[in-house]
Amino acid sequence: MYIVIMSRVAVVKYFGDFLGEKFSVSVYENMIKAGIGFVAGNLSLNEYFKQLFPGGAVGIKTNCLTPFNATPLNLTEAFVNILRENAGYDENDLIIWERTNHELKKAGYTLNAASTGVRCLGTDVATIGYDRTFLNSGKVNSMVSKILTRMIEHNVNIPILKDHSIAGMSAGLKNMYGAIHNPNKYHDNNCSPYAANINNLTPIRDKHRLTIIDAVKVQYDNGPGYAPHSIDSYNSLIISEDPVAADCVALEILNRIRARNGKKSLKELGREVKYLDEAEKLGLGQANIAKIEIGVLAIAEDGSISEGKLF
Amino acid sequence: MDRRKFMKFIGCGACAAMSSHSGLLPEFLGGVQNACAFDYTRELSSVEARYYKKLPEGGIECEICPRRCRITDLERGYCGSRENRGDTYYTLVYGLPCAVNIDPIEKKPFHHFYPGTSAFSLATAGCNVNCKCCQNWDISQSRPEQTENFSLPPKDIIDLCQQRKVPTIAYTYSEPVIFYEYMYDTAELGHKHGIKSVMISGGYINPEPLGELLKHLNAVKIDLKAIRETYYKDYVDGELKPVLDGLIQIKKSDVWLEIVYLVIPTLNDSDDEFTELARWIKNYLGVDVPIHLSRFYPQYLLKNLPPTPQTTLDRALSICRAEGLEYVYLGNIPSHKAESTYCPKCGEMLIERRGYRTSVSGMSKNKCKSCGKIIPGRFF
Numbered sequence: 179m180y181i182v183i184m185s186r187v188a189v190v191k192y193f194g195d196f197l198g199e200k201f202s203v204s205v206y207e208n209m210i211k212a213g214i215g216f217v218a219g220n221l222s223l224n225e226y227f228k229q230l231f232p233g234g235a236v237g238i239k240t241n242c243l244t245p246f247n248a249t250p251l252n253l254t255e256a257f258v259n260i261l262r263e264n265a266g267y268d269e270n271d272l273i274i275w276e277r278t279n280h281e282l283k284k285a286g287y288t289l290n291a292a293s294t295g296v297r298c299l300g301t302d303v304a305t306i307g308y309d310r311t312f313l314n315s316g317k318v319n320s321m322v323s324k325i326l327t328r329m330i331e332h333n334v335n336i337p338i339l340k341d342h343s344i345a346g347m348s349a350g351l352k353n354m355y356g357a358i359h360n361p362n363k364y365h366d367n368n369c370s371p372y373a374a375n376i377n378n379l380t381p382i383r384d385k386h387r388l389t390i391i392d393a394v395k396v397q398y399d400n401g402p403g404y405a406p407h408s409i410d411s412y413n414s415l416i417i418s419e420d421p422v423a424a425d426c427v428a429l430e431i432l433n434r435i436r437a438r439n440g441k442k443s444l445k446e447l448g449r450e451v452k453y454l455d456e457a458e459k460l461g462l463g464q465a466n467i468a469k470i471e472i473g474v475l476a477i478a479e480d481g482s483i484s485e486g487k488l489f
Numbered sequence: 169m170d171r172r173k174f175m176k177f178i179g180c181g182a183c184a185a186m187s188s189h190s191g192l193l194p195e196f197l198g199g200v201q202n203a204c205a206f207d208y209t210r211e212l213s214s215v216e217a218r219y220y221k222k223l224p225e226g227g228i229e230c231e232i233c234p235r236r237c238r239i240t241d242l243e244r245g246y247c248g249s250r251e252n253r254g255d256t257y258y259t260l261v262y263g264l265p266c267a268v269n270i271d272p273i274e275k276k277p278f279h280h281f282y283p284g285t286s287a288f289s290l291a292t293a294g295c296n297v298n299c300k301c302c303q304n305w306d307i308s309q310s311r312p313e314q315t316e317n318f319s320l321p322p323k324d325i326i327d328l329c330q331q332r333k334v335p336t337i338a339y340t341y342s343e344p345v346i347f348y349e350y351m352y353d354t355a356e357l358g359h360k361h362g363i364k365s366v367m368i369s370g371g372y373i374n375p376e377p378l379g380e381l382l383k384h385l386n387a388v389k390i391d392l393k394a395i396r397e398t399y400y401k402d403y404v405d406g407e408l409k410p411v412l413d414g415l416i417q418i419k420k421s422d423v424w425l426e427i428v429y430l431v432i433p434t435l436n437d438s439d440d441e442f443t444e445l446a447r448w449i450k451n452y453l454g455v456d457v458p459i460h461l462s463r464f465y466p467q468y469l470l471k472n473l474p475p476t477p478q479t480t481l482d483r484a485l486s487i488c489r490a491e492g493l494e495y496v497y498l499g500n501i502p503s504h505k506a507e508s509t510y511c512p513k514c515g516e517m518l519i520e521r522r523g524y525r526t527s528v529s530g531m532s533k534n535k536c537k538s539c540g541k542i543i544p545g546r547f548f
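Just so you know, the protein sequences line up as chains A and B, in that order. Going by this note's numbering, the first residue of the first sequence is number 179, and it counts up by one from there. Going by this note's numbering, the first residue of the second sequence is number 169, and it counts up by one from there.
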């Protein structure tokens, strides 16, 4: 069982100027380092990464369902750079992965299914597919991507934060629907308890190391499909080892962004996110926001960090 | 399609279907290539689905089956084979079967529908339920991009049937309801060319699409998985009542109906359940609707249970017959005498079956040679 040592969540807000809609790689690098600094406590970045990633391939699970609102390339590149520089990772041991090549490609990623370099591929690559063993947790019975079961030792979940008309919210836990072969079976009852059960499947639970939620541009309504009129800037990353706590803070942020845009709460709309409590019952993490240590860090253009506020 | 290509094509389908049933199917999930695949395509279809409505708050509601999935942009229904794209709903499997084979009609099973003939059998990926005992789970519980699909539009199916003199098309293996549009168009086109169509289904479909479909079908076999709602909830992830309603609707139509009941140890094999089953059929459908009591083999998510003991099947047979059902068969027990058809009036053997070898020796057209009783069904 995944044991949460600390339910500590960093919310890193960027206050510098940036051009256009996207953060640069270097901005993301600074944000990730700042957030990890909070999550790591007394450990240095290098010490922390050595503990978290003691060797073996690291997978980076993106969310590329909608090409215009997918995990940004610059964010994954920033994390790859940090893993290489601070954890001593070789590029050959890093795999950016998704459900399909098609989704990655449409989101702008350059596929690489070769044997060298940072790999970037979908489970649908002919030689990969799903492990033909059914794994069970609660009502979920699924086969899991071989990328997760056989190709990596550690997984870092890098989704985006957005509204989801069925699940209520799509962030970290919901993103792991992209690791199983039959996600369509598990959307009833606002994805509860299914999202929790899916994250409790052995390889997903045991290989999870870190959640980094991109909340720079938050689609607060009409998700999960792309709805440009329902996007608000929050300019933040949410970072935690605890996948439930990360989602719990993300939900708080999503609800507040909805409120400031005049939208009803998810609960009022019958889309309350119920799977977080289920996840806590399974020991996956902390779903009570009062018991989560949230560090809000304001990061300036020059990389200087100060204490910030959620809103 | 020339003869050589066709033979290769059918060979592929046969391999797939046989290995699927024996559990030896190659690891196609994820795309391991089938060495003999022909006209294999990775493209999915984008044919607009029928029976859905756009919701005022956005998204769509699928109206093909009682599940009535509400689906937002880029999401799929429970079946995994239909997708909302900008609030237009598409079937992704139109003309893209992943299993194709020519089977004896008895394999469906139909025992009163042109016995001894063959059926061009096909299925696409996906299913609108999730039976824990599914024997074809590797296609039914997959999404279409996870199976090897052939490009086979309705016209090509008709051509193949005519070339091979196959009189019937069977929509089978997975759940035809989820490839409704493909099935409907093929059945409609088949009728224009004198090719019959039969559906092998779990019967989890709404009345309106079923009613339209029945206009183009000649026979339906329904898997009635249990006679209790709890079983459907726990082991099917569906509901019983819509299936029972559908059975009544089919019986009231001109379409021939047979029923399969898979007997699973400890789950649906009590005397009470067999009695309830037989009485429901007698009261709502009639005693002349054939029922096949089939032996369960451990599959998919029910590998913890043993195969059904023959004594259980014999008990089920006795109860159904004692309740007055006239055509009760045992399935998945090759060469058992209850595979054959007997005249309910005089007891003479009408159709002898040994595995898939069928001999219609005791009938003249649709009557018992011995006593003249009319036997229900479709016969030459």
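Heads up, the beta-carbon is just placed ideally off N, CA and C, and yes, glycines get one too.
Please state if the CB of residue 372 of chain B and the CB of residue 436 of chain B are separated by a distance shorter than 9 Å.
One-based indexing of the second sequence puts residue 436 of chain B at position 268. One-based indexing of the second sequence puts residue 372 of chain B at position 204. Going by C-beta atoms, residue 436 of chain B is not nearer than 9 Å to residue 372 of chain B.
Are residue 231 of chain A and residue 251 of chain A close, meaning C-beta to C-beta below 9 Å?
Locating residue 231 of chain A in the first sequence gives position 53, counting from the first residue. Locating residue 251 of chain A in the first sequence gives position 73, counting from the first residue. Contact check for residue 231 of chain A against residue 251 of chain A fails: the beta carbons are separated by 9 Å or more.
Secondary structure at residue 413 of chain B, three-state DSSP: helix, strand or coil?
Looking up residue 413 of chain B in the second sequence gives position 245. Residue 413 of chain B: helix per DSSP, three-state reduction.
Output the distance between the C-alpha atoms of residue 364 of chain B and residue 333 of chain B, rounded to the nearest integer angstrom.
Taking the second sequence and counting its residues from 1, the one referred to as residue 364 of chain B is at position 196. Taking the second sequence and counting its residues from 1, the one referred to as residue 333 of chain B is at position 165. If you draw a straight line from the Cα of residue 364 of chain B to the Cα of residue 333 of chain B, it is about 12 Å long.
Assign residue 330 of chain B to buried or exposed, taking buried as 16 or more other Cβ atoms, counted over all protein chains shown, within 10 Å of its Cβ.
Working through the second sequence from its first residue, we reach residue 330 of chain B at position 162. Classification for residue 330 of chain B: exposed.
Looking at C-beta atoms only, is the number of pairs between the stretch 305-324 of chain A and the stretch 240-256 of chain A that lie closer than 8 Å three or more?
Proximity of the stretch 305-324 of chain A to the stretch 240-256 of chain A falls short of the contact definition, fewer than three beta-carbon pairs being nearer than 8 Å.
Contacts of residue 312 of chain A in chain B (Cβ-Cβ under 7 Å)
Position 134 of the first sequence, counted from the first residue, corresponds to residue 312 of chain A. In chain order: 469.
Cα-Cα separation between residue 222 of chain B and residue 238 of chain B, rounded to whole angstroms:
Here residue 222 of chain B is taken as the residue at index 54 of the second sequence, counted from 1. Here residue 238 of chain B is taken as the residue at index 70 of the second sequence, counted from 1. Between the alpha carbons of residue 222 of chain B and residue 238 of chain B lies a distance of about 10 Å.
Members of the stretch 234-264 of chain A near chain B, C-beta cut-off 9 Å:
The stretch 234-264 of chain A vs chain B, Cβ under 9 Å: 243, 244.
CA nearest to the CA of residue 200 of chain A, picked from A:222, A:228, A:254, A:236
Translated into the one-based positions of the first sequence, residue 200 of chain A becomes position 22. When each option's Cα is compared against that of residue 200 of chain A, the closest is A:254.
Cutoff 9 Å: residue 303 of chain B Cβ touching any chain A Cβ:
Taking the second sequence and counting its residues from 1, the one referred to as residue 303 of chain B is at position 135. No, because no Cβ of chain A sits closer than 9 Å to the Cβ of residue 303 of chain B.
Rank B:266, B:288, B:378, B:356 by C-alpha distance to the C-alpha of residue 145 of chain B and give the top, closest one.
Because chain B is modelled from 169 through 548, residue 145 of chain B falls outside the range shown and cannot be assessed.
Between A:257, A:462, A:301, A:193, which has its C-alpha nearest residue 210 of chain A's C-alpha?
Numbered from its first residue, the first sequence carries residue 210 of chain A at position 32. It is A:257.
Span of the alpha helix (DSSP H), counted from its first residue to its last, around residue 427 of chain A:
Residue mapping note: residue 427 of chain A aligns to position 249 of the first sequence, counting from 1. Its alpha helix (DSSP H) spans residues 421-438.
Name the chain A residues whose beta carbon is nearer than 8 Å to that of residue 417 of chain B?
Locating residue 417 of chain B in the second sequence gives position 249, where the first residue counts as 1. For residue 417 of chain B, no chain A residue has a C-beta closer than 8 Å to its own C-beta; the minimum C-beta separation is roughly 26 Å.
Between residue 267 of chain A and the rest of its own chain, which residues show a CB-CB distance below 6 Å, the 5 nearest in sequence each way excluded?
The residue you call residue 267 of chain A lines up with position 89 of the first sequence. The answer, listed in chain order, is 261.
Please look up how many angstroms separate the CB atoms of residue 482 of chain A and residue 402 of chain A, rounded, as I've assumed it's under 8 Å.
For the purposes of this step, residue 482 of chain A is identified with residue 304 of the first sequence, where counting begins at 1. For the purposes of this step, residue 402 of chain A is identified with residue 224 of the first sequence, where counting begins at 1. About 36 Å separates the CB atoms of residue 482 of chain A and residue 402 of chain A; that is not less than 8 Å, and the two are not in contact.
Measure the alpha-carbon distance for residue 519 of chain B versus residue 272 of chain B and round it to whole angstroms.
Stepping through the second sequence from its first residue, residue 519 of chain B is reached at position 351. Stepping through the second sequence from its first residue, residue 272 of chain B is reached at position 104. Going by C-alpha positions, residue 519 of chain B is about 15 Å away from residue 272 of chain B.
Where residue 386 of chain A meets chain B, residues with beta-carbon distance less than 9 Å
Against the first sequence, residue 386 of chain A aligns to sequence position 208. None at all; the shortest Cβ gap to chain B is about 22 Å.
Cβ pair residue 389 of chain B, residue 428 of chain B closer than 9 Å:
Position 221 of the second sequence, counting from 1, holds the residue named residue 389 of chain B. Position 260 of the second sequence, counting from 1, holds the residue named residue 428 of chain B. In this structure, residue 389 of chain B sits near residue 428 of chain B, with a CB-CB distance shorter than 9 Å.
If we call anything under 9 Å between Cβ atoms a contact, is residue 185 of chain A one with residue 357 of chain A?
Sequence index remark: in the first sequence, residue 185 of chain A carries index 7 (1-based). Sequence index remark: in the first sequence, residue 357 of chain A carries index 179 (1-based). Contact: no.
I need the straight-line Cα distance from residue 382 of chain B to residue 487 of chain B, nearest angstrom please.
Locating residue 382 of chain B in the second sequence gives position 214, counting from the first residue. Locating residue 487 of chain B in the second sequence gives position 319, counting from the first residue. When rounded, the distance between both Cα atoms is 31 Å.
Under 7 Å Cβ-Cβ, which residues of chain A neighbour residue 310 of chain B?
As a working mapping, residue 310 of chain B is identified with position 142 in the second sequence. Within chain A, the residues 359 have their CB atoms less than 7 Å from the CB of residue 310 of chain B, given in chain order.
So, does the CB of residue 237 of chain B fall closer than 9 Å to a CB anywhere in chain A?
Position 69 of the second sequence, counted from the start, is the residue given in the question as residue 237 of chain B. Cβ-Cβ to chain A under 9 Å: yes for residue 237 of chain B.
Taking three-plus beta-carbon pairs below 8 Å as touching, is the stretch 281-299 of chain B in contact with the stretch 445-453 of chain B?
Below 8 Å, too few C-beta pairs join the stretch 281-299 of chain B and the stretch 445-453 of chain B to call them touching: fewer than three.
Looking at the C-beta of residue 403 of chain A, does it have a partner C-beta in chain B at a distance below 9 Å?
Reading the first sequence from its first residue, position 225 is the one you call residue 403 of chain A. With 9 Å as the cut-off, residue 403 of chain A counts as an interface residue toward chain B.
Cβ pair residue 428 of chain A, residue 391 of chain A closer than 9 Å:
Here the question's residue 428 of chain A lines up with position 250 in the first sequence. Here the question's residue 391 of chain A lines up with position 213 in the first sequence. Yes. Within cutoff.
Taking 9 Å as the threshold (beta carbon to beta carbon), is residue 240 of chain B in contact with chain A?
Here residue 240 of chain B refers to the residue found at position 72 of the second sequence. Using a CB distance cut-off of 9 Å, residue 240 of chain B counts as an interface residue toward chain A.
Closer than 9 Å, CB to CB, is residue 338 of chain A near chain B or not?
Along the first sequence, read from residue 1 onward, the residue named residue 338 of chain A stands at position 160. With 9 Å as the cut-off, residue 338 of chain A does not count as an interface residue toward chain B.
Taking three-plus beta-carbon pairs below 8 Å as touching, is the stretch 301-320 of chain A in contact with the stretch 372-381 of chain A?
Using a Cβ-Cβ distance cut-off of 8 Å, the stretch 301-320 of chain A and the stretch 372-381 of chain A are in contact, since at least three pairs of beta carbons, one from each stretch, lie closer than that value.
Own chain, CB closer than 7 Å to residue 289 of chain A, minus 5 neighbours either side, in chain order:
Start at 1 with the first residue of the first sequence, and residue 289 of chain A comes out as number 111. Here the set comprises 279, 282, 283, 298, 299.
For a cutoff of 9 Å on Cβ pairs, would you count residue 362 of chain A as touching chain B?
Translated into positions along the first sequence, residue 362 of chain A becomes position 184. Cβ-Cβ to chain B under 9 Å: yes for residue 362 of chain A.
Compare the C-beta of residue 353 of chain A with all C-beta atoms of chain B and state if any pair is closer than 9 Å.
As a first step, residue 353 of chain A is located in the first sequence; it is residue number 175 there, counting from the start. Judged by the 9 Å Cβ criterion, residue 353 of chain A is not in contact with chain B.
So which of B:366, B:259, B:501, B:354 has the shortest CA-CA distance to residue 311 of chain B?
The residue you call residue 311 of chain B lines up with position 143 of the second sequence. Measuring from the Cα of residue 311 of chain B, the nearest candidate turns out to be B:259.
Run down chain A in chain order and give the residues with a C-beta less than 7 Å from the C-beta of residue 227 of chain B.
As a working mapping, residue 227 of chain B is identified with position 59 in the second sequence. The answer, in chain order, is 343.
Contact set between the stretch 267-284 of chain A and chain B, restricted to residues whose Cβ is under 8 Å from the partner:
Hits within the stretch, in order: 278.
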